[in-house]
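A.B. asks:
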Amino acid sequence: MRILIVEDDELVADAIARGLSAAGFAVDRSASAEAASSALASEHFDLAVVDVGLPGADGLTLVRRLRAAGTLLPVLILTARDALATRVEALDLGADDFLMKPFELAELAARCRALIRRAHVNANGQLSLGRLRIDVAGRQLRIDDAVVELTGREWLVLECLALNAGKIVSKDRLQQAIASFDQALTPNAVEVYVSRVRSKLGNAALIRAVRGLGYRLDEPAAR
Amino acid sequence: MTRDAGRSPSIRRRLLLFLLPPLIALMLISVYANYRAAMVFMRAANDERLADLAIALAAEVKANGMEVRFPSGSQPTARPGALSYSILGPDGRQLGGNTPLPVVPPGKSNPTFADVQSGSTPLRVATYRLRTSAGPVTVSVAQVNDPGTGSAHYILASAWLIDFIQLDVILIIVWIGVHFGLKPLLAVRRQIEAHETRELKPLELHDVPAEVRPLVDALNLLFDMLREAAASQRRFVADTAHQLRTPIAGLLGQLELLMREPQAAPLAERLAALHDGTTRLAHSANQLLTLARADPSATLSDQFEKLDLKVLVERIVEANVDRATRAGLDLGAEASSAHVTGSARLLEDLLGNLVDNALKYTPSGGHVTVRCGASSQGAYLEVEDDGPGIPQAERAQVRQRFYRSAGVSADGTGLGLAIVDEIAAQHGAILAIDSGPGGRGTRMRVNFETSVTARRRAERVGTANPV
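Quick mapping for you: the protein sequence lines, in order, are chains A and B.
Under this note's numbering, the residue at position 69 of the first sequence is numbered 69, and the numbers go up by one with no gaps.
The number in this note's numbering is simply the position in the second sequence, starting from 1, with 1000 added.
1. Report the residue from B:1029, B:1327, B:1348 whose alpha carbon sits nearest the alpha carbon of residue 1313 of chain B.
2. Apply the 10 Å Cβ neighbour rule to residue 1221 of chain B and answer buried if 16 or more other Cβ atoms are within range, or exposed otherwise.
3. Answer yes or no: do residue 19 of chain A and residue 1318 of chain B have a C-beta to C-beta separation smaller than 9 angstroms?
4. Check residue 1 of chain A in the structure and name its three-state DSSP category.
5. Can you tell me where the beta strand (DSSP E) with residue 1332 of chain B in it begins and where it stops?
6. For residue 25 of chain A, does the count of other Cβ atoms within 10 angstroms reach 16, so buried, or fall short, so exposed?
7. Quick check on residue 118 of chain A - is its C-beta less than 9 angstroms from some C-beta in chain B?
8. Are residue 1171 of chain B and residue 1200 of chain B closer than 9 angstroms when you measure CB to CB?
9. Rounded to a whole number of angstroms, what is the C-alpha to C-alpha distance between residue 1184 of chain B and residue 1308 of chain B?
10. Tell me whether residue 164 of chain A sits in a helix, a strand or coil according to DSSP, three-state version.
11. Using 9 angstroms as the limit for Cβ to Cβ distance, is residue 1247 of chain B near chain A?
12. Which whole runs of the beta strand (DSSP E) in the stretch 1350 to 1436 of chain B are 3 residues long or more, in chain order?
13. How many angstroms separate the CA atom of residue 1396 of chain B from the CA atom of residue 1205 of chain B?
14. Under 8 angstroms Cβ to Cβ from residue 110 of chain A, same chain only, skipping five residues before and after it: list those, please.
15. Taking residue 1440 of chain B as part of the alpha helix (DSSP H), name the residues at either end of that continuous run.
16. Give every residue of the same chain whose Cβ lies closer than 8 angstroms to the Cβ of residue 1436 of chain B, excluding the five residues on either side of it in the sequence, and list them in chain order.
17. Output needed for residue 1187 of chain B: all residues of its chain with C-beta closer than 7 angstroms, excluding positions within five of it in sequence on either side, in chain order.
18. Quick one: does residue 986 of chain B have its CB under 9 angstroms from some CB of chain A?
19. In chain A, what lies closer than 9 angstroms to residue 1318 of chain B by C-beta?
20. How many angstroms separate the CA atom of residue 140 of chain A from the CA atom of residue 148 of chain A?
21. List, in chain order, every chain B residue whose beta-carbon is nearer than 7 angstroms to that of residue 190 of chain A.
22. With a cut-off of 8 angstroms, do at least 3 Cβ pairs link the stretch 122 to 136 of chain A to the stretch 156 to 163 of chain A?
23. At which residue ranges does the stretch 3 to 31 of chain A contain complete alpha helix (DSSP H) runs of 4 or more residues, listed in the order of the chain?
24. Tell me, please, whether the CB atom of residue 63 of chain A is closer than 9 angstroms to any CB atom in chain B?
25. Name the DSSP bridge partner or partners of residue 1475 of chain B?
26. What's the gap between the Cα of residue 1133 of chain B and the Cα of residue 1047 of chain B?
27. So, is residue 1215 of chain B buried or exposed, given that buried needs 16 or more other C-beta atoms within 10 angstroms?
28. Would you identify the three-state DSSP class for residue 185 of chain A, choosing helix, strand or coil?
29. Is it buried or exposed for residue 1014 of chain B, if we count other Cβ within 10 angstroms and need 16 for buried?
30. Run through DSSP, which three-state label would residue 1148 of chain B get?
31. With 7 angstroms as the limit, tell me which residues of the stretch 93 to 106 of chain A have their beta carbon closer than that to any beta carbon of chain B; keep them in chain order.
32. Quick one: any contact between the stretch 94 to 107 of chain A and the stretch 74 to 81 of chain A, if contact means 3 or more CB pairs under 8 angstroms?
33. Comparing the C-beta of residue 10 of chain A with each C-beta of chain B, is any distance below 9 angstroms?
34. Beta carbon of residue 1328 of chain B, beta carbon of residue 1364 of chain B: below 9 angstroms?
35. May I ask you to report which of helix, strand or coil DSSP gives residue 98 of chain A?
36. Among A:37, A:81, A:12, which residue has its Cα nearest to the Cα of residue 1237 of chain B?
Following this line, the structure appears as structure tokens:
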């Protein structure tokens, strides 16, 4: 997995490059939007980490140009400015995620993995989450290459959680996902199916319940 | 304008006060003139009547010669309006009449009129001189004058009455006229009131009367300046944020990497302390920037929009789940839809700070619950924990900037609740600090008032007297 870091501050760029390298990514660096454009035009990257505050054309301009050119490359925006305004603008422009400075390198690495994973699901219907291999198109789950059988509703719960891995999926949304079957749902149906999926996943992945909000699928911290 | 009429100058009152003295003077002059005119007219009519009488008597003398005998009339009285007459022959002998009247020297005209005094009685006398073959005969007819009585009184009173009514009508017309004249001004006032105070948009000029236009122009100029000041304050905060956060991000990242290096093991403790300090620095920078951003002068042009607190709660809880898990806390939400008008950016800072406090001060194993919803008093946001709680005596102090509770080890800037208080005030909301259920822990509740006017009022208070 190759990541292009577009950041002009030497100290930050160096920390990100080392941190992402340590997390197992191949990393290249550009210090300006112009340099980044030519790097992206000539070589293949799986993700760009772009700082908003660049000299010359800023990071948002770079994203706008990339999207205008029809590039689907996932982009994670870094900003030191006002969080919400930049987040809204960045996501509107077509950036895929957003991180506010200062941040933890582990957090950045996790976000990068999630973005690349999502891009891969979109590209070939395959989803890797730690030890899980999920074939979204073929409706198959493997843990360490062993196929795990799931019922229809269990699969829908897993799919919904896996496609949003790292994010909280509300109970309502899970309920809607499994409600498409004819059988009537009991009020605690979501809890029941989540706990069944949980037991089938064992320790390969963690489904965390967030009180009052829903569930979140986390892969065990990758090293 | 209406509420402060007792204190501030009112155009209507000024206009009336200004108009009243000249109108009253005008009324006095008018009463006097009317009275005079009426009196002159009355006197002329009276004189004519006296002259007619005198001429009629003279005709009698002429017809019957000097031998004519006139019946003695009633005794002359001093009653106003009472008539008396006397006819004097050429020799000065009284030929007839009921009283000897003072002789009036002949004037240019015939009959001659004069005001004379007979004893204490004022008389108006018409004297007619008739030339006869025997010599001139003088016929005098007199009437007791009634200055200040009778018809004169009546005339004066009616003059007063008419002019007084006239004055009242004029004042009422002026009052109504001012009301209509000031209508465009009220329209301007309504426009200012309806004005979203935070947006500071220039006022529309097309309905503004020419007289008020300079005022509105000045207001618009002021709005421009305020908007510009707010924008420049925001630019400054944004630039400062960039200048502070970027090097801190670099420092933190490098320290994080260093701590992972195997050869840095002997320095692990010092690196951890450095990392800790840098984290605190980052937090302080964030808090100070938030406070600067939350300042009324920086949020003047902030967009206030309709927001669902539920979305906000979900976002903030989601962002803090991992941190809570690391701290061994159960973070949860009980959110139902509740709409408020506000700045998403500021409210995110507000709730973020409340959650941050709860996570920081609640010991491992505790629970933190974030709630929102709509009660009969309006929407509310609430963060409840079962930590040590805040003693009653300290609840006012914790809102102050840089206040940090004694005996609490968790590091903080002491700005969290000051930020919450500031942002709440700008939303017309009130921060209530309470204990959790059973008197345990802390419950921080932000109550939003429902009405727009309440928000405006609070805005003004917040702007005039920042926390």
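Glycine included, C-beta positions come from ideal geometry on N, C-alpha and C.
C.D. replies: Quick look at the numbers:
1. For the purposes of this step, residue 1313 of chain B is taken as residue 313 along the second sequence, with counting starting at 1. Closest by alpha carbon: B:1348.
2. Sequence index remark: in the second sequence, residue 1221 of chain B carries index 221 (1-based). Burial call: exposed.
3. If you number the first sequence from 1, residue 19 of chain A lands on position 19. If you number the second sequence from 1, residue 1318 of chain B lands on position 318. Going by C-beta atoms, residue 19 of chain A is not nearer than 9 angstroms to residue 1318 of chain B.
4. Against the first sequence, residue 1 of chain A aligns to sequence position 1. The answer is coil: DSSP assigns residue 1 of chain A none of H, G, I, E or B.
5. Within the second sequence, numbered from 1, the residue matching residue 1332 of chain B stands at position 332. Residue 1332 of chain B -> beta strand (DSSP E) spans 1330 to 1335.
6. The residue given as residue 25 of chain A occupies position 25 in the first sequence. It counts as buried.
7. Mapped onto the first sequence, residue 118 of chain A falls at position 118. No, residue 118 of chain A does not count as interfacial toward chain B.
8. The residue labelled residue 1171 of chain B in the question sits at position 171 within the second sequence. The residue labelled residue 1200 of chain B in the question sits at position 200 within the second sequence. For residue 1171 of chain B and residue 1200 of chain B, no; Cβs fall outside 9 angstroms.
9. Position 184 of the second sequence, counting from 1, holds the residue named residue 1184 of chain B. Position 308 of the second sequence, counting from 1, holds the residue named residue 1308 of chain B. So the two alpha carbons sit approximately 39 angstroms from each other.
10. By 1-based counting over the first sequence, the position of residue 164 of chain A is 164. Here residue 164 of chain A sits in coil by DSSP.
11. Against the second sequence, residue 1247 of chain B aligns to sequence position 247. Yes, because at least one Cβ of chain A sits closer than 9 angstroms to the Cβ of residue 1247 of chain B.
12. 1367 to 1375, 1378 to 1385, 1429 to 1434
13. As a first step, residue 1396 of chain B is located in the second sequence; it is residue number 396 there, counting from the start. As a first step, residue 1205 of chain B is located in the second sequence; it is residue number 205 there, counting from the start. Each residue's Cα considered, the two are about 46 angstroms apart.
14. Within the first sequence, the letter at position 110 stands for residue 110 of chain A. Counting only Cβ-Cβ distances below 8 angstroms, and skipping sequence neighbours, we find 166.
15. Within the second sequence, numbered from 1, the residue matching residue 1440 of chain B stands at position 440. Here residue 1440 of chain B belongs to no alpha helix (DSSP H), and DSSP marks it neither H nor E.
16. Counted from its first residue, the second sequence places residue 1436 of chain B at position 436. If we look at residue 1436 of chain B and ignore the five residues flanking it on each side, its Cβ neighbours are 1384, 1385, 1386, 1389, 1442, 1443.
17. Residue 1187 of chain B sits at position 187 when you count from the first residue of the second sequence. If we look at residue 1187 of chain B and ignore the five residues flanking it on each side, its Cβ neighbours are 1207.
18. Nothing about residue 986 of chain B can be reported from this structure: the residues present for chain B run from 1001 to 1467 only.
19. Residue numbering aside, residue 1318 of chain B sits at position 318 when the second sequence is read from its first letter. Simply 167, 168, 210, 213, 216.
20. Translated into positions along the first sequence, residue 140 of chain A becomes position 140. Translated into positions along the first sequence, residue 148 of chain A becomes position 148. About 8 angstroms.
21. The residue labelled residue 190 of chain A in the question sits at position 190 within the first sequence. In chain order: nothing, as chain B lies at least about 16 angstroms away.
22. yes
23. 10 to 22
24. Indexing the first sequence from 1 puts residue 63 of chain A at position 63. Answer no: the Cβ-Cβ gap between residue 63 of chain A and chain B never drops below 9 angstroms.
25. Since the first residue of chain B shown is 1001 and the last is 1467, residue 1475 of chain B is not available in this structure.
26. For the purposes of this step, residue 1133 of chain B is taken as the residue at position 133 of the second sequence. For the purposes of this step, residue 1047 of chain B is taken as the residue at position 47 of the second sequence. Approximately 28 angstroms between the Cα atoms of the pair.
27. Residue mapping note: residue 1215 of chain B aligns to position 215 of the second sequence, counting from 1. Residue 1215 of chain B should be labelled exposed.
28. What you label residue 185 of chain A is simply residue 185 of the first sequence in a count that begins at 1. Three-state result, residue 185 of chain A: coil.
29. Position 14 of the second sequence, counted from the start, is the residue given in the question as residue 1014 of chain B. Classification for residue 1014 of chain B: exposed.
30. In the second sequence, the residue the question calls residue 1148 of chain B occupies position 148. Legend: pLDDT at residue 1148 of chain B = 49, less than 50; position of this residue unreliable, value from coordinates given subsequently. Here residue 1148 of chain B sits in coil by DSSP.
31. 101, 102, 103, 104, 105
32. yes
33. For the purposes of this step, residue 10 of chain A is taken as residue 10 along the first sequence, with counting starting at 1. At least one chain B Cβ lies under 9 angstroms of residue 10 of chain A.
34. On the second sequence, residue 1328 of chain B is found 328 positions in, with the first residue counted as 1. On the second sequence, residue 1364 of chain B is found 364 positions in, with the first residue counted as 1. Result yes, Cβ atoms of residue 1328 of chain B and residue 1364 of chain B sit closer than 9 angstroms.
35. Along the first sequence, one-based indexing puts residue 98 of chain A at 98. Strand.
36. Looking up residue 1237 of chain B in the second sequence gives position 237. If we check each option's Cα against that of residue 1237 of chain B, A:81 comes out closest.
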